[in-house]
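Input: a single structure, listed below in structure tokens.
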Amino acid sequence: MGAKIPESVLVVVHTDDLQVLLLERADHPGYWQSVTGSRATLDEPLAQTCRREVLEETGLDANEFELCDWRRENRYEIYPHWRHRYADGVTHNLEHVFGLRLPVPREVTLAPREHLRFEWLPWESAAGRCFSWSNAQAIRELPQRIAQCRR
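Residue 1 is where the sequence shown starts when you use the numbering used here, and the numbers rise one by one after that.
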């Protein structure tokens, strides 16, 4: 039985000119995604989950940039090969979507057990590379979301 909480964040890390940071999963080469991760505890604020996961997965300090809650939630079925990470009987996850805006692309420091490589791509290309439908959909919304977050 696993211990992960079935509530997570998806953080679309992007630049002012709509380049998106994608990470290649170490446990599934060829699977590209944005920063993701589960709450550490049930009472961990979602923004804190974002900051923690961004730091763990990229070495970037999210406090230095604009973190925006997109107020979007996705409920999806957890892939069977990852269900062992959760309590018995847990089959779905609730994902909260955020954006993290950087002025320009930056080098990142990957967590080697989690990711193999990173790339900064134009948003259209990044959306096409994601294996997750919810990640691709979030990136496709980036042009509208970036304008909302700057208000």
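Glycine included, every Cβ here is placed at the ideal spot set by N, Cα and C.
Nearest to residue i (by Cα), restricted to the options the options
i: residue 132; options: 39, 23, 87; result: 23
i: residue 67; options: 127, 90, 13, 129; result: 13
i: residue 103; options: 33, 46, 146; result: 146
i: residue 137; options: 3, 11, 6; result: 11
i: residue 18; options: 130, 110, 105, 112; result: 105
i: residue 40; options: 130, 56, 98; result: 56
i: residue 69; options: 97, 30, 54, 48; result: 97
Assigned secondary structure, residue i (DSSP; H/G/I helix, E/B strand, else coil)
i: residue 28; result: coil
i: residue 77; result: strand
Distance between residue j and residue i (C-alpha atoms, nearest Å)
i: residue 32; j: residue 88; result: 27 Å
i: residue 20; j: residue 3; result: 31 Å
i: residue 142; j: residue 35; result: 15 Å
i: residue 123; j: residue 6; result: 28 Å
i: residue 62; j: residue 37; result: 14 Å
i: residue 93; j: residue 58; result: 23 Å
Minimum Cβ-Cβ distance from residue i to chain D less than 9 Å
i: residue 143; result: Given the protein chain composition of this structure (a single chain), no chain D is represented.
The beta strand (DSSP E) enclosing residue i, as first and last residue numbers
i: residue 8; result: 7–15
Extent of the continuous alpha helix (DSSP H) to which residue i belongs
i: residue 134; result: 133–140
- What beta strand (DSSP E) runs, 3 residues minimum, are completely inside the stretch 85–122? Uninterrupted beta strand (DSSP E) stretches at least 3 residues long and entirely within the stretch 85–122 occur at 92–102, 115–122, given in chain order.
Check: For the stretch 19–73, which segments carrying the beta strand (DSSP E) assignment without a break, of at least 3 residues, lie completely within its bounds, in sequence order?
Finding: Fully contained in the stretch 19–73 are the following beta strand (DSSP E) runs of length 3 or more, in chain order: 19–25, 35–38.
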